[in-house]
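Numbering follows full-length UniProt numbering, in which position 17 of the sequence shown is assigned residue number 17; successive positions increment by one, without gaps.
Ideal Cβ positions, reconstructed from N, Cα and C, are used throughout, including at glycine.
Shown next, in structure tokens, is the structure this report addresses.
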Amino acid sequence: MSSEVPKTVLISGASIAGPALAFWLNRYGFAPTIVERAPALRDGGQAIDVLGTGTEVIRKMGLLGRVHEHSTGKRGTSYVDAAGKPRANISSEVFNGVGAGGDCEIQRGDLARVLYEATRDDVGYLFGDSITSLTEDENGVHVTFARAESRSFDLVIGADGVHSNTRKLVFGPEADFLRHMGYYISIYTTPNLLELDHWELDYNLPGKIAGSYSARGNTEAKAIFAFESAQLDYDYRDIEQQKRIVADTFADAGWAVPRLLEHLDDAEDFYFDAMTQIRMDTWSKGRIALVGDAGYCAAPLSGQGANLSLVGAYLLAGELAAAGGDHTVAFARYRQELLPLVEACQTFAEGVGKWYAPPTNSMIWWRDVNVRLLPYLPWRGLIGGAPQKVARTIPAKDYRAYETAPARKP
Ligand SMILES: Cc1cc2nc3c(=O)[nH]c(=O)nc-3n(C[C@H](O)[C@H](O)[C@H](O)COP(=O)(O)OP(=O)(O)OC[C@H]3O[C@@H](n4cnc5c(N)ncnc54)[C@H](O)[C@@H]3O)c2cc1C
């Protein structure tokens, strides 16, 4: 950037998209600050895939080794019956991706920590705070916070997830952009009760799936519960209410479900949300823009949330650098470059639910037959490679020409 004073950018949200954006902005000479509502970096969440162009972005950040240190190393999944007997097994290698070309599966919390550690020395982090108002004029955006003193920034970016506060403040109610995919998902950490060795067990009932997989070198496990449902009326900040929804939905289920539910009340990293997509005609208004789930969540069913956030953050920062900080040019180019990937990921998520949590017993049986046959099918590569193909819909553009010495921590 030519300007001597780095452009100040406030980013709301410190999960995947926010720190990834700050990393690149810092490298191009901007001065990013991140505000995160949680009092500290949030742990928890599912294992997520870093694939395709998302892997390329991590490689360009110089973080591929760090990400691989946290690889889950999951070897495969068994679908079991109520007695725990495997009905079908699938090796992770069938979805040849994880491992190929640097692709990797990692716990969401671990990826967030790798990104945080790569940025915390250069980026200002404000934990335990939230934006309360945004007022824009020709010179910048005046921001008030719940706790910190109000300040002005040149640009503000919402990286605050599917229930984005920034989106609500600037673009309007969530309901205008939210598309319910018909499922809810919950995940939390338990002891490795089932003594799993880099393996996942899943048990289906019509329209429901309960599972457990070992995590962090088999020292712990994640319990997953997902179910088909029309939109539920609940407070997404009321964790106790959400725990009751999960417990009631799986109250009569067999297999190891009662043992997994015993750890629900104590779960500190409990996550529950609808599988939803965010669809917007624009991701920016004036000096304010959205990145990651806040602007274009593809739903957990897509398996592409981390990629979208990583690639979106990379392109947004790169286009801002390429436009010399001119947001009017950069925000439009950012959308133009990223939209094919967003559309591919959102389309990919359609129909995955019927495979994941089939709605009838006969469809569960049919899914298991398919899983058993998959390794022997001549077109297994097409099915197994589909997530990678989607993740490579667009390449990682080259913005190296705009890299400067990083700006000082604001
Ligand atoms: C704790 C947690 C668990 C998750 N578990 C799963 C999972 O199991 N499966 C799955 O598919 N996806 C999960 N996700 C979502 C997944 O991380 C995203 O789909 C994807 O990685 C995109 O990341 P993102 O950075 O755009 O949004 P997110 O990862 O959702 O991060 C948004 C961040 O913004 C913060 N934030 C929210 N409101 C405010 C505010 N008012 N002010 C400041 N900060 C705010 C949040 O605390 C969070 O750190 C989880 C997210 C979180 C935060």
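DSSP three-state call for Q107: helix, strand or coil?
-> strand
Inspect the CB distances between the segment 46-56 and the segment 160-177 and report whether three or more fall short of 8 Å.
-> no
Is P300 helix, strand or coil when you go by DSSP?
-> helix
A330 beta carbon less than 7 Å from that of L341 = no
In chain order, what residues of the same chain have a beta carbon less than 8 Å from the beta carbon of D129, not counting five sequence neighbours either side?
-> Taking D129 as the centre and dropping the five residues before and after it, the same chain places the C-beta of V35, E36, R37, F145, A146, R147, A148 closer than 8 Å to its C-beta, in chain order.
Endpoints, the alpha helix (DSSP H) within which P206 is located | It is not in any alpha helix (DSSP H) - P206 carries neither H nor E in the DSSP assignment.
N- and C-terminal bounds of the alpha helix (DSSP H) containing P173 | Where P173 is concerned, there is no enclosing alpha helix (DSSP H), given that its DSSP letter is neither H nor E.
Tell me which same chain residues have a C-beta within less than 7 Å of the C-beta of S71, skipping the five on either side of it?
-> C104, E105, I106
To the nearest angstrom, how far is it from the Cα of I239 to the Cα of A22?
-> 30 Å
Is T55 helix, strand or coil by DSSP?
-> Correct three-state label for T55: helix.
Reference K354; option with closest CA among Y399, D398, L205, V156 = Residue nearest to K354 within the set Y399, D398, L205, V156 is L205 (criterion: CA-CA distance).
Would you please state the rounded distance, in angstroms, between the beta carbons of I185 and A223? I believe it to be under 8 Å.
-> In fact, because the Cβ distance is near 11 Å, the residues do not count as touching under 8 Å.
For P300, is the beta carbon positioned less than 6 Å from some heavy atom of ligand 3?
-> Looking at this structure, you won't find ligand 3 anywhere; what it does contain is ligand 1.
Just to confirm, are W255 and A82 a CB contact at a threshold of 7 Å?
-> Taking 7 Å as the Cβ cut-off, W255 and A82 qualify as a contacting pair.
For A344, I'd like the list of residues in its chain whose CB is within less than 6 Å of its CB, leaving aside the five on either flank, ordered along the chain.
-> If you ignore the 5 residues before and after A344, its C-beta comes within less than 6 Å of the C-beta of V390, T393, all in its own chain and listed in chain order.
Starting from the C-beta of S92, find all residues in its chain whose C-beta is less than 7 Å away, skip the five residues before and the five after it, and write them out in chain order.
-> Excluding positions up to five away in sequence, the list reads K74, R75, G76, V98.
When the Cα atoms are used, what is the spatial distance from residue 490 to D197?
-> Here the chain comprises residues numbered 1 to 410, so residue 490 is not present and cannot be evaluated.
For G29, the nearest candidate out of Q304, D122, G385 (CA to CA) | D122
With DSSP collapsed to three states, give me the class of A332.
-> helix
For A221 and P258, believed in contact at Cβ under 8 Å, the rounded distance | Wrong, their Cβ atoms sit about 15 Å apart, outside the cutoff.
W199 by DSSP, collapsed to three states: which one?
-> strand
CA-CA distance, G292 and F227?
-> In this structure, the CA atom of G292 is about 25 Å from the CA atom of F227.
Compute the distance between the beta-carbons of R287 and E136, then report whether it is under 7 Å.
-> yes
May I ask you to report which of helix, strand or coil DSSP gives P32?
-> strand
Beta-bridge partners of D273, as assigned by DSSP | I185
Alpha carbon of L126 to alpha carbon of I245, nearest angstrom | 33 Å
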